[in-house]
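Enquirer:
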Amino acid sequence: MRSNYICIVFVLCLLACARSGSNGGSQTEAVEVVRAGVDSAIVRQSFISTLQPNYIAVIQPRVSGFLSAKLFSNGMPVRKGQVIFRIDDRQQRADMLAAKATLATAVANSIEAQNNYNRAVPLVAIDAISQAQFDGYRAQYEAAKASIASAEQALKNAQLEVEYTTIRATIDGVISASEAYVGDFVGPGSKFATLTRIENVDTLCCEVAIPMAQYLNLSGRSSFTYNNESLLSDIVLTLADGRQYPFVGSYSYTKSAVADTEGTIIIVVTFPNPHYLLKSGQFARVTTSIGMPKMRITVPQSALQQTQGEESVWVIDADSTVHYRKVTTLGAPHDGVVAVSGLAAGESVALDGSAKLTNGQKVKVL
15 MRSNYICIVF VLCLLACARS GSNGGSQTEA VEVVRAGVDS AIVRQSFIST LQPNYIAVIQ
75 PRVSGFLSAK LFSNGMPVRK GQVIFRIDDR QQRADMLAAK ATLATAVANS IEAQNNYNRA
135 VPLVAIDAIS QAQFDGYRAQ YEAAKASIAS AEQALKNAQL EVEYTTIRAT IDGVISASEA
195 YVGDFVGPGS KFATLTRIEN VDTLCCEVAI PMAQYLNLSG RSSFTYNNES LLSDIVLTLA
255 DGRQYPFVGS YSYTKSAVAD TEGTIIIVVT FPNPHYLLKS GQFARVTTSI GMPKMRITVP
315 QSALQQTQGE ESVWVIDADS TVHYRKVTTL GAPHDGVVAV SGLAAGESVA LDGSAKLTNG
375 QKVKVL
């Protein structure tokens, strides 16, 4: 009797296991699937740089003399043509008066030589004077005319020397502190061969340093080129307080040499400064798009799984088999979509990477 009971229990267990296995095989995990999409994105990158004047005019006196006046305030804007220094011009004016006197003497001598020549013309025709005497009068007249031309040029030079004693700003900009004071002897070869500098601040520039490997990758080139105007676009400047500068930047030029120590390409960009909001020497962050748009594979953020620092998705094959695949995200999600590498466009991924899925499992695609 006991053995029959054991046999009945054993049969019932077998039937239960068979029923359980049959039910488990018929239950398939339902998975909502989405296809990996494609979009294009431009690489944007930020650089910390220092603003510099577009160019600097060095103010140097052309004549020597004692500085008699300084007519500007240090660090203030000046306009092109504005008088900024005066040099004591008494010596230059004396030289100019001497040049005028020399010219007057040359003119008088020329008149005398011309009269002698004019009187000699008819005399030589009747053999009243020798040909040698006539040639002498003509030579004296030509020399007198040359003396006038030389004296006139000397006078112009003397007048320029007087003008050079008034020193004017050569560009619009902000003028630096003077390196000389009133009463100092200034001029070429002196201690004060340079008086000051004027920085043009209507436009300020800064340098963008791009590593060579990145430059070649983003530009799609195999070697360095000097014309990189098409490489940068949408150049914006963020000030130290976080505000975005209202004027966009533009490409200026590429420095001729690659920085040996860093292996970087130096590209100079400029920003207009009509209201003088920017100051030379201040730090700023330059953000720009680099290169042409690149194609990216995108998936919904909900399809992405993150486990112990690894990012992955569940890929659904054509035969509804699930496969685990590692991916790498490219930047932060935007509007619920994230760009990844490791997928091909059109591949199917589970929209919600359920923890119930296992590698190689068959699923029902919704």
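The sequence shown begins at 15 in the numbering used here and counts up by one. Even for Gly, the Cβ is constructed at its ideal location relative to N, Cα and C.
Exposed or buried, threonine 405, counting other C-beta atoms within 10 Å across all chains shown (16 or more means buried)?
Expert: What is shown of the chain runs 15 to 380, which leaves residue 405 out entirely.
Enquirer: Would you say valine 121 faces chain C, with C-beta separation under 9 Å as the test?
Expert: In the displayed structure, chain C is absent; only one protein chain is listed.
Enquirer: Does DSSP put methionine 90 in a helix, in a strand, or in coil?
Expert: In the structure shown, methionine 90 sits in coil (DSSP, three-state: anything other than H, G, I, E or B).
Enquirer: Note down the Cα distance separating isoleucine 330 from valine 48, rounded to an integer number of angstroms.
Expert: Whole-angstrom Cα-Cα distance: 9 Å.
Enquirer: Using three-state DSSP, classify alanine 353 as helix, strand or coil.
Expert: Three-state DSSP puts alanine 353 in a strand.
Enquirer: Are leucine 391 and methionine 110 close, meaning C-beta to C-beta below 9 Å?
Expert: Residue 391 lies beyond the residue range present for the chain, which begins at 15 and ends at 380; the question has no answer from this structure.
Enquirer: Under three-state DSSP, which class holds arginine 104?
Expert: DSSP places arginine 104 in helix when its eight states are reduced to three.
Enquirer: Any idea what DSSP makes of proline 347, helix, strand or coil?
Expert: Reduced to three states, the DSSP call for proline 347 is coil.
Enquirer: Give me the residue from Asn373, Gly295, Val97 with the minimum Cα distance to isoleucine 62.
Expert: Closest option to isoleucine 62, Cα to Cα, is Gly295.
Enquirer: Skipping 5 residues on each side, what residues in its chain have a beta carbon closer than 8 Å to that of threonine 184?
Expert: If we look at threonine 184 and ignore the five residues flanking it on each side, its Cβ neighbours are Ala71, Ile73, Lys94, Ile212.
Enquirer: Please classify glutamine 106 as buried or exposed, where buried requires at least 16 other C-beta atoms within 10 Å of its C-beta.
Expert: Glutamine 106 is buried by the Cβ-count criterion.
Enquirer: Relative to the C-alpha of valine 52, which residue among Val379, Leu365, Val354 is closest?
Expert: Among Val379, Leu365, Val354, the Cα nearest to that of valine 52 is on Val354.
Enquirer: By Cβ distance, which residues of its chain are closer than 8 Å to threonine 372, with the 5 residues on each side in sequence left out?
Expert: Val336, listed in sequence order.
Enquirer: Where does the unbroken alpha helix (DSSP H) through leucine 232 begin, and where does it stop?
Expert: Per DSSP, leucine 232 belongs to the alpha helix (DSSP H) from 226-233.
Enquirer: Is the separation between the beta-carbon of glycine 360 and that of alanine 50 shorter than 9 Å?
Expert: For glycine 360 and alanine 50, yes; Cβs fall inside 9 Å.
Enquirer: Would you kindly work out how many angstroms separate the C-alpha atoms of alanine 191 and methionine 90, rounded to a whole number?
Expert: Distance between the alpha carbons of alanine 191 and methionine 90 is about 9 Å.
Enquirer: For glutamine 167, count neighbouring Cβ atoms within 10 angstroms of its own Cβ and tell me buried if that reaches 16, exposed if not.
Expert: So glutamine 167 counts as exposed.
Enquirer: Buried or exposed: proline 260, going by 16 or more other Cβ atoms within 10 Å of its Cβ?
Expert: Its Cβ having fewer than 16 others within 10 Å, proline 260 is exposed.
Enquirer: Going by the DSSP bridge assignment, what does serine 60 pair with across the sheet?
Expert: For serine 60, which the question treats as bridged, DSSP gives the partners Thr301.
Enquirer: State the beta-bridge partners of histidine 337 as determined by DSSP.
Expert: Answer is Val329, bridged to histidine 337.
Enquirer: Using 9 Å as the threshold, is the C-beta distance between cysteine 219 and threonine 284 below it?
Expert: In contact: cysteine 219 and threonine 284 (Cβ atoms closer than 9 Å).
Enquirer: Specify whether the stretch 113-132 and the stretch 149-159 touch according to this definition: at least 3 beta carbon pairs, one from each stretch, less than 8 Å apart.
Expert: The stretch 113-132, when compared against the stretch 149-159, does touch it at the 8 Å Cβ threshold.
Enquirer: Can you list, in chain order, the residues of its chain with a C-beta nearer than 8 Å to that of aspartate 198? Leave out the 5 residues immediately preceding and following it.
Expert: Hits under 8 Å: Phe80, Leu81, Lys205, Phe206.
Enquirer: Please work out which residues of its chain come closer than 7 Å, Cβ to Cβ, to valine 77, disregarding the five sequence neighbours upstream and downstream, and give them in chain order.
Expert: Correct list, in chain order: Ile101, Gln106, Glu175, Tyr178, Thr179, Gly201.
Enquirer: As a quick exercise: from Gly305, Ala364, Gly263, Glu221, pick the residue whose alpha carbon is nearest that of alanine 332.
Expert: Here the closest residue by C-alpha is Ala364.
Enquirer: To the nearest angstrom, how far is it from the Cα of isoleucine 280 to the Cα of tyrosine 290?
Expert: Isoleucine 280 and tyrosine 290: Cα-Cα distance of roughly 25 Å.
Enquirer: Run through the DSSP bridge pairs and tell me what leucine 218 is partnered with.
Expert: For leucine 218, which the question treats as bridged, DSSP gives the partners Pro67, Phe285.
Enquirer: To which residues does DSSP link glutamine 320 through a beta bridge?
Expert: DSSP output for glutamine 320 lists Glu325 as bridge partner(s).
Enquirer: Please report the straight-line C-alpha distance between alanine 118 and arginine 104, rounded to a whole angstrom.
Expert: Answer to the nearest angstrom: the Cα atoms are 21 Å apart.
Enquirer: Contact check, aspartate 349 vs glutamate 46 under 8 Å by CB: the rounded distance?
Expert: Aspartate 349 to glutamate 46, Cβ: 19 Å. No contact.
Enquirer: State buried or exposed for glycine 374, treating a residue as buried only when at least 16 other CB atoms are found within 10 Å of its CB.
Expert: The residue is exposed, with fewer than 16 neighbouring Cβ atoms inside 10 Å.
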